[in-house]
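> Below is the structure I would like to discuss, written out as structure tokens.
There are 2 protein chains.
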Amino acid sequence: MSKRNVRALKGRPGPLRKGANGGEPRVRAADMLSHALGLFAEVGFANATVKAIAKAAGVNPALIYYYYANKEALFVEALRYAINMAIEGQDGMGIIERTADPAAVIRFWFEKNRQLASPLSQMLKLMIEYRTAGRRIPAVEKLISQFYDAEVLLLARAIRRGIKIGQFRRVDVDRTAIFVSTHLDGLVVSATVRPAVNMARSISHLERVLFDYLGAAAEAVPSAPVGRLQHTVPATRS
Amino acid sequence: MSKRNVRALKGRPGPLRKGANGGEPRVRAADMLSHALGLFAEVGFANATVKAIAKAAGVNPALIYYYYANKEALFVEALRYAINMAIEGQDGMGIIERTADPAAVIRFWFEKNRQLASPLSQMLKLMIEYRTAGRRIPAVEKLISQFYDAEVLLLARAIRRGIKIGQFRRVDVDRTAIFVSTHLDGLVVSATVRPAVNMARSISHLERVLFDYLGAAAEAVPSAPVGRLQHTVPATRS
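Each protein sequence line maps, in turn, to chains Z and S. Mapping of the first sequence onto this note's numbering: position 38 corresponds to residue 38, and the numbering continues sequentially without gaps. Mapping of the second sequence onto this note's numbering: position 27 corresponds to residue 27, and the numbering continues sequentially without gaps.
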């Protein structure tokens with residue numbers, strides 16, 4: 001991305017300002033970004049045209065150019081949208097962390113990842129394409145760090161608390177959290193490179209491995225709180 | 001990739017035929033593909049021009065067009081080259097499998113992955129870009145399957161043999177092999193998306209986790225055969 005484009009992106013109030021033709025701009029912008037995300041992830045940056053994205057979103061290409069200086073600015077915003085969506089998902093864990101036992105928190109986190117498998121896969125593809133293209137946009141760098149840090153911190157907190165109350169055996173907490181986060185990335189890549197891989201099933205396997213490692217077999221963990229909490233998560237699997 | 005391009009690629013004798021200006025064409029073609037691989041992985045398909053690849057390889061762009069119909073054909077050959085290189089590395093394990101104990105085979109496999117971290121990372125990036133662009137070229141599909149199947153088979157064989165001779169505890173062999181292979185992909189992605197991640201150190205951690213899981217602590221495994229075998233691997237880390 002050229003310096004000019006980055007500046008153009010920064011200088012704009014962004015997709016959240018009131019649209020020219022009224023309506024709720026926040027919703028419409030999110031809808032456009034969601035379609036941009038899907039198409040960028042599906043066919044890659046080079047092959048996803050603004051025209052095709054506009055068509056998928058059911059809007060005029062001029063509206064996209066009204067919001068975004070160019071395709072690169074749209075790509076960066078789509079990536080930012082995907083990461084923010086994932087981080088918001090993590091933030092929503094706050095209330096569960098305060099009310100459920102550590103094992104339930106971890107099980108809920110796995111369930112969320114199973115349900116968000118498709119958007120998370122799109123996010124990772126865009127992150128890799130962003131890196132591969134050698135882009136370095138401070139705001140995006142910060143979002144990527146925030147996403148991984150939040151994920152690892154959530155897992156580490158639950159594992160540490162589980163050890164403290166005697167639910168899990170003593171393990172290297174930070175190493176374990178990073179290991180699980182890394183493995184999830186590996187599962188997403190597997191499912192991308194080898195379409196025959198069933199991501200939801202792989203995530204469930206990782207969950208069993210983790211509980212086994214923590215000395216808490218899946219059966220031994222009370223499942224009632226998770227069963228209840230699952231209903232609060234919208235089914236977004238595509 | 002258009003059908004015409006695929007046909008153009010298939011119809012050609014490929015990069016291994018004798019070059020117009022003599023010399024050893026196999027070596028020169030490998031050198032060109034190695035540079036193409038590096039540039040495609042570094043800046044992505046769209047940003048890597050044939051002119052830049054020719055410059056990096058120190059040849060005339062016309063020579064590249066003499067071998068490859070277009071940039072897409074070159075991309076596919078670079079991906080094929082990377083996968084073949086990785087599979088050849090796995091094939092070279094045959095003699096070690098016959099002469100060393102299972103733990104030494106697994107340690108040797110990890111050492112190889114540490115040493116080939118950079119080209120393996122390039123290969124994975126190209127695989128993801130190939131998938132993302134929606135390409136479906138039977139020869140490449142086959143190579144991707146061969147690569148993963150060979151990797152998982154090698155690990156599964158060593159684990160099974162280790163269990164048989166009482167070196168490892170009983171585990172689900174295939175699940176464990178797939179788990180390790182998937183995690184390695186996750187490590188490559190982590191190092192791509194978050195450059196602060198030290199891939200060699202992460203691979204060593206995965207190695208310790210696996211031996212711990214197999215009930216064979218790193219210390220308990222005889223290290224002499226591995227120490228000897230390591231010298232047969234050329235140091236290709238960049």
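Ideal placement from N, C-alpha and C gives every residue a C-beta, glycine not left out. Small disclaimer: the values here were computed from a predicted structure and weren't measured.
1) Which first and last residues belong to the alpha helix (DSSP H) in which ARG161 of chain S is found?
2) Grouping DSSP H, G and I as helix and E and B as strand, with all else coil, what is ARG194 of chain Z?
3) Report the option in Z:ASN47, Z:ALA156, Z:ALA103 whose CA atom is closest to the CA atom of GLU129 of chain Z.
4) Got a sec: is the Cβ-Cβ distance from GLY94 of chain Z to anything in chain S below 8 Å?
5) Does the beta-carbon of ARG136 of chain S have 16 or more other beta-carbons within 10 angstroms, so that it is buried, or is it exposed?
6) Do TRP109 of chain Z and MET127 of chain Z have their CB atoms nearer than 8 Å?
7) I'd like to know whether the C-beta of THR211 of chain Z is nearer than 8 Å to at least one C-beta of chain S.
8) Excluding the 5 residues preceding and the 5 following LEU248 of chain Z in the sequence, name in chain order all residues of the same chain whose CB lies nearer than 8 Å to its CB.
9) Could you check what DSSP says for GLN271 of chain S in three-state terms: helix, strand or coil?
10) Looking only at its chain, what residues have a beta carbon closer than 6 Å to the beta carbon of ALA78 of chain Z, apart from the 5 residues adjacent to it on each side?
11) Quick check on VAL193 of chain S - is its C-beta less than 8 Å from some C-beta in chain Z?
12) By the criterion of Cβ-Cβ separation under 9 Å, what are the contact partners of VAL189 of chain S in chain Z?
13) Can you confirm whether TYR148 of chain S, when its beta carbon is compared against all beta carbons of chain Z, has any partner nearer than 8 Å?
14) Taking only beta carbons into account, state which residues of the segment 94-123 of chain S come closer than 7 Å to chain Z, listed in chain order.
15) Where do the ends of the alpha helix (DSSP H) carrying ASP172 of chain Z lie?
16) So what does DSSP say about TYR213 of chain S, is it helix, strand or coil?
17) In three-state terms, what does DSSP make of ASP185 of chain Z?
18) Using a threshold of 8 Å, state whether the C-beta atoms of MET123 of chain S and ILE83 of chain S are closer than that.
19) State the DSSP-derived secondary structure class of MET93 of chain Z, mapped to helix, strand or coil.
20) Can you find a CB in chain Z that lies within less than 8 Å of the CB of ALA30 of chain S?
21) Output the distance between the C-alpha atoms of ALA235 of chain S and TYR68 of chain S, rounded to the nearest integer angstrom.
22) Where does ASN70 of chain S fall in DSSP's three states?
23) So ALA48 of chain Z is in the alpha helix (DSSP H); what residue range does that whole segment cover?
24) Pull up the distance between the alpha-carbon of ASN21 of chain S and that of ASN60 of chain S, whole angstroms please.
From the atom records:
1) Position 161 of the second sequence, counting from 1, holds the residue named residue 161 of chain S. Segment 138-164, the alpha helix (DSSP H) holding ARG161 of chain S.
2) Locating residue 194 of chain Z in the first sequence gives position 194, counting from the first residue. Here ARG194 of chain Z sits in coil by DSSP.
3) The sequence position of residue 129 of chain Z within the first sequence is 129, counting from 1. Ranking Z:ASN47, Z:ALA156, Z:ALA103 by Cα distance to GLU129 of chain Z puts Z:ASN47 first.
4) Indexing the first sequence from 1 puts residue 94 of chain Z at position 94. No, GLY94 of chain Z lies away from the interface with chain S (no Cβ there is under 8 Å from its Cβ).
5) Stepping through the second sequence from its first residue, residue 136 of chain S is reached at position 136. With fewer than 16 Cβ atoms within 10 Å of its Cβ, ARG136 of chain S is classed as exposed.
6) For the purposes of this step, residue 109 of chain Z is identified with residue 109 of the first sequence, where counting begins at 1. For the purposes of this step, residue 127 of chain Z is identified with residue 127 of the first sequence, where counting begins at 1. For TRP109 of chain Z and MET127 of chain Z, no; Cβs fall outside 8 Å.
7) One-based indexing of the first sequence puts residue 211 of chain Z at position 211. Inspection of the sequence shows that residue 211 of chain Z is occupied by Phe rather than by Thr. So, not an interface residue.
8) Only positions 1 to 238 of chain Z appear in the structure, and residue 248 of chain Z is not among them; the question remains open.
9) Chain S is shown only over 1 to 238; residue 271 of chain S falls outside these bounds and no answer can be derived.
10) In the first sequence, residue 78 of chain Z corresponds to position 78, counting from 1. LEU33, ALA36, LEU37, PHE40, listed in sequence order.
11) Numbered from 1 along the second sequence, position 193 holds the residue referred to as residue 193 of chain S. Interface residue, yes.
12) The count along the second sequence starts at 1 and reaches residue 189 of chain S at position 189. Within chain Z, the residues near VAL189 of chain S are LEU124, MET127, ILE128, THR182, ASP185, GLY186, VAL188, VAL189.
13) To locate residue 148 of chain S, count along the second sequence from 1; it is residue 148. Output row for TYR148 of chain S: interface = yes.
14) none
15) Counting from one through the first sequence, the residue named residue 172 of chain Z turns up at place 172. Neither: ASP172 of chain Z is in no alpha helix (DSSP H) and is coded neither H nor E.
16) Mapped onto the second sequence, residue 213 of chain S falls at position 213. Of the three classes helix, strand and coil, the one that applies to TYR213 of chain S here is helix, per DSSP.
17) In the first sequence, the residue the question calls residue 185 of chain Z occupies position 185. Three-state DSSP puts ASP185 of chain Z in a helix.
18) As a working mapping, residue 123 of chain S is identified with position 123 in the second sequence. As a working mapping, residue 83 of chain S is identified with position 83 in the second sequence. In this structure, ILE83 of chain S lies closer than 8 Å to MET123 of chain S by Cβ.
19) Counting from one through the first sequence, the residue named residue 93 of chain Z turns up at place 93. Looking at MET93 of chain Z - three-state DSSP - the assignment turns out to be coil, as it is neither helix nor strand.
20) Locating residue 30 of chain S in the second sequence gives position 30, where the first residue counts as 1. Cβ-Cβ to chain Z under 8 Å: no for ALA30 of chain S.
21) To locate residue 235 of chain S, count along the second sequence from 1; it is residue 235. To locate residue 68 of chain S, count along the second sequence from 1; it is residue 68. With a pLDDT of 35 at ALA235 of chain S, under the threshold of 50, the predicted position of this residue should be treated as unreliable, though the coordinate-derived value follows. Going from the Cα of ALA235 of chain S to the Cα of TYR68 of chain S covers about 30 Å.
22) Here residue 70 of chain S corresponds to residue number 70 of the second sequence, with the count starting at 1. Three-state result, ASN70 of chain S: coil.
23) Translated into positions along the first sequence, residue 48 of chain Z becomes position 48. ALA48 of chain Z -> no alpha helix (DSSP H), and no H or E assigned at all.
24) Residue mapping note: residue 21 of chain S aligns to position 21 of the second sequence, counting from 1. Residue mapping note: residue 60 of chain S aligns to position 60 of the second sequence, counting from 1. Reliability fails at ASN21 of chain S, whose pLDDT of 49 lies under 50, so the model's placement of it is uncertain and no value is given.
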